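In what follows, a structure is listed as structure tokens, so that the remarks can point back to it.
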Amino acid sequence: MKSADFPFLSLLTLLPLVGALVVALVPRAKGELAKVLALVWSLGVFVLTVIAWFAFDAGGDRFQFRESYAWIPQWGVSFTFAADGIALVMLALIGLLVPLVILASWHDAEKSKRSVPAYFALLLALESSMIGVFAAADIFLFYVFFEVMLIPMYFLIGSYGDASGQGRKRQYAAVKFFLYSLVGGLFMLAAVVGLWVVGGKTFDWQTLSQIDISDGTERWLFLGFFIAFAVKAPFFPFHTWLPDAGGAAPAGAAALLVGVMDKVGTFGILRYCLPLFPDATRWFAPYAIALALIGVIYAALVAIGQNDLKRLVSYTSIAHFGFIGIGIFAFTTQAGTGAVLYMVNHGLATGLLFLVVGMFVARRGSALVSDFGGAGKLLPVAAAMLFFAGLASLALPGTAPFVSEFLVLVGVYTVNKAVAVIATIGIILAAAYVLWMVQRTVQGTPNPALDDVPAMRRDLNLREKVVVAPLVAALVFFGFYPKPITDVINPAVQATMADVGKTDPAPTAVHAEVSQ
Amino acid sequence: MTLNLPPIDYGAIAPLLVLLGVACVGVLVEAFLPKRMRYGAQFTLAAAGLVAALTLIIIRSQQDGYAVLTAGNALAIDGPTLFLQGAIIVLGLVALLLISERSLEHGGPFVAQAAITAGSEVDQRQSAQAPGATEVYPLAVFAVGGMGLFVAANDLLTMFVALEVFSLPLYLLCALARRRRLLSQEAAVKYFLLGSYASAFFLFGMALVYGYVGSAGTDGSVGLTFAEIHEAASAQGPGAGLLFGGLALIAVGLLFKAAAAPFHVWTPDVYQGAPTAITAFMAACTKVAAFGALLRVLYAGFESIAWDYRPILGVIAVLTMLVGSIMAVTQTDIKRLLAYSSIANAGYLLVGVLAFTRDGLSSTMFYLVAYGFSVLAAFGIVTLVRDADGEATHLSRWAGLGKRSPVYAGLFTFLLLAFAGIPLTSGFTAKFAVFGAAVGGDQAWLVVAGVITSMVLAFPYLRVVVLMWLSEPGEQTPTVSIPGALTAGALAFGLLGTLLLGVVPGPVLELTDTAAQFLR
Numbered sequence: 001m002k003s004a005d006f007p008f009l010s011l012l013t014l015l016p017l018v019g020a021l022v023v024a025l026v027p028r029a030k031g032e033l034a035k036v037l038a039l040v041w042s043l044g045v046f047v048l049t050v051i052a053w054f055a056f057d058a059g060g061d062r063f064q065f066r067e068s069y070a071w072i073p074q075w076g077v078s079f080t081f082a083a084d085g086i087a088l089v090m091l092a093l094i095g096l097l098v099p100l101v102i103l104a105s106w107h108d109a110e111k112s113k114r115s116v117p118a119y120f121a122l123l124l125a126l127e128s129s130m131i132g133v134f135a136a137a138d139i140f141l142f143y144v145f146f147e148v149m150l151i152p153m154y155f156l157i158g159s160y161g162d163a164s165g166q167g168r169k170r171q172y173a174a175v176k177f178f179l180y181s182l183v184g185g186l187f188m189l190a191a192v193v194g195l196w197v198v199g200g201k202t203f204d205w206q207t208l209s210q211i212d213i214s215d216g217t218e219r220w221l222f223l224g225f226f227i228a229f230a231v232k233a234p235f236f237p238f239h240t241w242l243p244d245a246g247g248a249a250p251a252g253a254a255a256l257l258v259g260v261m262d263k264v265g266t267f268g269i270l271r272y273c274l275p276l277f278p279d280a281t282r283w284f285a286p287y288a289i290a291l292a293l294i295g296v297i298y299a300a301l302v303a304i305g306q307n308d309l310k311r312l313v314s315y316t317s318i319a320h321f322g323f324i325g326i327g328i329f330a331f332t333t334q335a336g337t338g339a340v341l342y343m344v345n346h347g348l349a350t351g352l353l354f355l356v357v358g359m360f361v362a363r364r365g366s367a368l369v370s371d372f373g374g375a376g377k378l379l380p381v382a383a384a385m386l387f388f389a390g391l392a393s394l395a396l397p398g399t400a401p402f403v404s405e406f407l408v409l410v411g412v413y414t415v416n417k418a419v420a421v422i423a424t425i426g427i428i429l430a431a432a433y434v435l436w437m438v439q440r441t442v443q444g445t446p447n448p449a450l451d452d453v454p455a456m457r458r459d460l461n462l463r464e465k466v467v468v469a470p471l472v473a474a475l476v477f478f479g480f481y482p483k484p485i486t487d488v489i490n491p492a493v494q495a496t497m498a499d500v501g502k503t504d505p506a507p508t509a510v511h512a513e514v515s516q
Numbered sequence: 001m002t003l004n005l006p007p008i009d010y011g012a013i014a015p016l017l018v019l020l021g022v023a024c025v026g027v028l029v030e031a032f033l034p035k036r037m038r039y040g041a042q043f044t045l046a047a048a049g050l051v052a053a054l055t056l057i058i059i060r061s062q063q064d065g066y067a068v069l070t071a072g073n074a075l076a077i078d079g080p081t082l083f084l085q086g087a088i089i090v091l092g093l094v095a096l097l098l099i100s101e102r103s104l105e106h107g108g109p110f111v112a113q114a115a116i117t118a119g120s121e122v123d124q125r126q127s128a129q130a131p132g133a134t135e136v137y138p139l140a141v142f143a144v145g146g147m148g149l150f151v152a153a154n155d156l157l158t159m160f161v162a163l164e165v166f167s168l169p170l171y172l173l174c175a176l177a178r179r180r181r182l183l184s185q186e187a188a189v190k191y192f193l194l195g196s197y198a199s200a201f202f203l204f205g206m207a208l209v210y211g212y213v214g215s216a217g218t219d220g221s222v223g224l225t226f227a228e229i230h231e232a233a234s235a236q237g238p239g240a241g242l243l244f245g246g247l248a249l250i251a252v253g254l255l256f257k258a259a260a261a262p263f264h265v266w267t268p269d270v271y272q273g274a275p276t277a278i279t280a281f282m283a284a285c286t287k288v289a290a291f292g293a294l295l296r297v298l299y300a301g302f303e304s305i306a307w308d309y310r311p312i313l314g315v316i317a318v319l320t321m322l323v324g325s326i327m328a329v330t331q332t333d334i335k336r337l338l339a340y341s342s343i344a345n346a347g348y349l350l351v352g353v354l355a356f357t358r359d360g361l362s363s364t365m366f367y368l369v370a371y372g373f374s375v376l377a378a379f380g381i382v383t384l385v386r387d388a389d390g391e392a393t394h395l396s397r398w399a400g401l402g403k404r405s406p407v408y409a410g411l412f413t414f415l416l417l418a419f420a421g422i423p424l425t426s427g428f429t430a431k432f433a434v435f436g437a438a439v440g441g442d443q444a445w446l447v448v449a450g451v452i453t454s455m456v457l458a459f460p461y462l463r464v465v466v467l468m469w470l471s472e473p474g475e476q477t478p479t480v481s482i483p484g485a486l487t488a489g490a491l492a493f494g495l496l497g498t499l500l501l502g503v504v505p506g507p508v509l510e511l512t513d514t515a516a517q518f519l520r
């Protein structure tokens, strides 16, 4: 059997789902067993993603691991999975993040006084639906995963999130998250139905990417998809759910929410909006870039003013998604590659930032910046990690996000200098919000109130170090040597740009280097 | 004068004969059997009757050339008829299980003697001790039989008779609640009065159409079969005002039964006041019957002038969806919430109807079955959430139910997600089917309206989920009773239907697709 024929994608989707069922069946009293089981299971999934990574032929077909099984033949719906380079890197990111999140949230579920096995079962169910959404090559199937993904996250936020105000905050956040996503999803459903009828009752991506659609219809369909993805990503002005959800979710779930789930938005734009509606995409691109630019500046400014660590990190994400949006709609290979690379790096950096913030919050019992102050004297290692995660998130050279941000800016500069210049302001603002947050939280004279909190004297334990180490290592490694990732991404991005009908302007040195 | 009796294809109408016959036998059982034996006998008889009728329908549908017009063209036994009759019987069987449940409450959910003054001393005694009336069984079977006739009726007169045959038992059934009897009686009176108006509208519309067909009639014989109406409507004869006026009045009668706005006002009151098992029965089976008849009237009778009235029905569909979804947001009682949700669903069904294509017909039939199963299971769970005063239907009482009884709260959540149209539930596949049909029939604006109202409607469903899972249980949160075997069976059917039609809808889609051809 050739390695490429192995049903990686269906297995990757099914495996965590089975794991979720197994973990859910563990009796409530045996929380520890559930945790170990969930961790081992997610590590198994990670191993499978690593094997898939090496089985993927970067120079081969655009879509690999293709599998197809009949589902609803009357509607032309099938379980079709296929991964291009963009999907593959996202799958790898999920595989890496989920075990770390499980390890990081080891004691989170107990605090909620709710079922511990259910928490870890929900995490695995979330993993399954997230893998499915990236692996699907049938639009109906994609939509199914896109919506189903909401349910575990809804319960993770609503049942296990911030308990202040008798849990009213988490209820509000969970409902807002669900409704926003559902509204976006329903717009997409209308567009999916329309596309299905226009495309002759098929959901196959390959077929649908070949059809001709009249201009007016194409724009409406584009809008339906784009709104769903813009809510998901989120782009300004559809972003207001994210700070609430990110602020109220348990740290682990927040890391997955911002690190992976939101990428479905930008992934969806790359996979569905651009190739299926190329003309409409070109027509809407200036507006999309404008929204993304507003997001970069506006979210950064709001982030500076935040006093809640988790909300702050959420706002930084919105700013970063602005960068990704600019990269996608610039229609150059560098910017596109940069955007996809940004999706991965942002997942690593913001995931790390959320997890470290979670460690601080767990100790202090509060996420407010003003409740900290000088915490670095008490928790030197944790403070160092917060500083590093902050620097990675502001794209300091030497960390992985720098490469992606640089690529996006260079790629945009070749086609639109003004946009690149305005976006650069976002980098300066990023430095402001990260450094000011770090300064107020861990530097300076210790806040006297911290002495009364015994947990603040316990620095990171072995478990927490194991959580942060791989992410730190990955951020540094890919900061110096992004080639393993760019090699996989580049062909897929080139193919996507070719679908839109855009070719790069005169090649530059950076382009040559990347496409080697 | 010689009277020519029309030939009757007894094989084709056997299911109807069985149903109505069993109902008559049920009346005799009620008269002659001693009281203590009636419950068992009636339940067995009703269930056996429904199963037998279903079997006959299945056998009939397997034969070649099963589609016939019979009884002097008064009945059309065609694909849609058999499918809808089968659906009504299956959903009726599940509802019968809920109706028969007696372990939740001493004597079952029905009052022993409805004629005793509510609240009097005698009434308190009977409410505490006497077992419920078993008249509900013949009434329910009459209703099912009437609905079966309703969807088979091939002329307006037969349709009117069928309308009355299934409506009258329903009015009575609504009045028979054991608890909160005044509310129940009020619901029945309201339903009866408004239902009578609706019937009168239908009758008057029929008269106008008769006038039109008569004036356009070519060969002297004037009838009200849909073939004749179709021919007359296509001929564009004089007096089109009669035709359109007649259609409008007939539509009022049918849309009333379907609970479409602005003819929906009875729905929340009746759904709330009626015994929950009967509410479930009405929500599932009456919907099927009403839309089955509406489809036949519009598709078989008035299709040739569809261009003229489609925008008006479109406005009604949008209005129905809007009213249902917006009013659902403000409800504080679970039964009323489900009632408004049922109104909104009538709107989605109309979206499918208005496609005026074969897909429109098949997708509407699919939606009817999918919705029927979900709504039966949902009301089934409502019967389980009880305290000392019977069912606790006020939403505030459902707070924290997820902690008290995670299994039932989980099942109810699943049903709410189905109503909200989340994938992997029948609610999603059904919505997709009708929306797809509507886009295919150039009615994209209805789909946009449907999508927007779905967003609004998601909020009340989500509010219940939040109440059950994310709120802490209060002092007042009732426990969930352990269902008896009958309710458990009904829940299992309803939930399995919701799940299977969501995950593997293929076989039923195939069935609706092959059945979707009206015989004129």
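Protein chains in written order, with my numbering: chain A, 1 to 516; chain B, 1 to 520.
Even for Gly, the Cβ is constructed at its ideal location relative to N, Cα and C.
Note that the coordinates shown come from a computational prediction; the quantities given were computed from them, not determined experimentally.
Find the nearest neighbour of residue i within the set the options, judged by alpha-carbon distance.
| i | options | result |
| --- | --- | --- |
| alanine 370 of chain A | A:Phe238, A:Thr399, A:Pro448, A:Ile489 | According to the sequence displayed, residue 370 of chain A carries serine and not alanine. Minimum Cα distance to serine 370 of chain A is reached at A:Pro448. |
| leucine 298 of chain B | B:Phe160, B:Ala251, B:Gly440, B:Arg181 | B:Ala251 |
| alanine 458 of chain B | A:Leu186, A:Trp436, A:Tyr119 | A:Leu186 |
| alanine 152 of chain B | B:Phe373, B:Phe201, B:Ala133, B:Thr225 | B:Thr225 |
| serine 105 of chain A | A:Ala52, A:Phe46, A:Ala55, A:Val36 | A:Val36 |
| valine 144 of chain A | B:Ala283, B:Phe256, B:Gly79, B:Thr425 | B:Thr425 |
| phenylalanine 8 of chain A | A:Glu32, A:Ala38, A:Thr49, A:Asp61 | A:Thr49 |
| alanine 430 of chain B | B:Gly440, B:Val439, B:Gly441, B:Ala418 | B:Ala418 |
Compute the Euclidean distance between the alpha carbons of residue i and residue j, then round it to the nearest angstrom.
| i | j | result |
| --- | --- | --- |
| isoleucine 381 of chain B | valine 264 of chain A | 36 angstroms |
| threonine 70 of chain B | methionine 327 of chain B | 44 angstroms |
| aspartate 204 of chain A | aspartate 138 of chain A | 5 angstroms |
| tryptophan 283 of chain A | leucine 183 of chain B | 59 angstroms |
| glycine 119 of chain B | threonine 267 of chain B | 25 angstroms |
| valine 514 of chain A | tryptophan 469 of chain B | The predicted model places valine 514 of chain A with a pLDDT of 48, which falls under 50 and marks its position as unreliable; any figure quoted below should be read in that light. Cα-Cα distance, rounded: 50 angstroms. |
| arginine 68 of chain A | glycine 259 of chain A | According to the sequence displayed, residue 68 of chain A carries serine and not arginine. Their Cα atoms are separated by approximately 29 angstroms. |
| tryptophan 307 of chain B | alanine 20 of chain A | 52 angstroms |
| glycine 347 of chain B | tryptophan 445 of chain B | 13 angstroms |
| isoleucine 289 of chain A | glutamine 62 of chain B | 60 angstroms |
| alanine 248 of chain B | glycine 205 of chain B | 7 angstroms |
| glycine 372 of chain B | threonine 453 of chain B | 20 angstroms |
| valine 148 of chain A | arginine 36 of chain B | 51 angstroms |
| lysine 169 of chain A | threonine 413 of chain B | 21 angstroms |
Which term fits residue i, buried or exposed, when burial requires 16 or more other beta carbons within 10 angstroms of its beta carbon?
| i | result |
| --- | --- |
| leucine 93 of chain B | buried |
| alanine 140 of chain B | buried |
| valine 89 of chain A | buried |
| arginine 125 of chain B | exposed |
| phenylalanine 435 of chain B | buried |
Starting from residue i, follow its DSSP beta bridges and name the residues at the other end.
| i | result |
| --- | --- |
| alanine 136 of chain A | A:Phe81 |
| glycine 390 of chain B | B:Asp387 |
| serine 30 of chain B | The sequence shown places glutamate at residue 30 of chain B, not serine. Looking at the DSSP assignment, glutamate 30 of chain B forms no beta bridge with any residue, so it has no partner. |
| glutamine 64 of chain A | A:Ala83 |
| phenylalanine 110 of chain B | B:Ala177 |
| threonine 225 of chain B | B:Asp155 |
| alanine 449 of chain A | Note: alanine 449 of chain A sits in no beta bridge, so no partner. |
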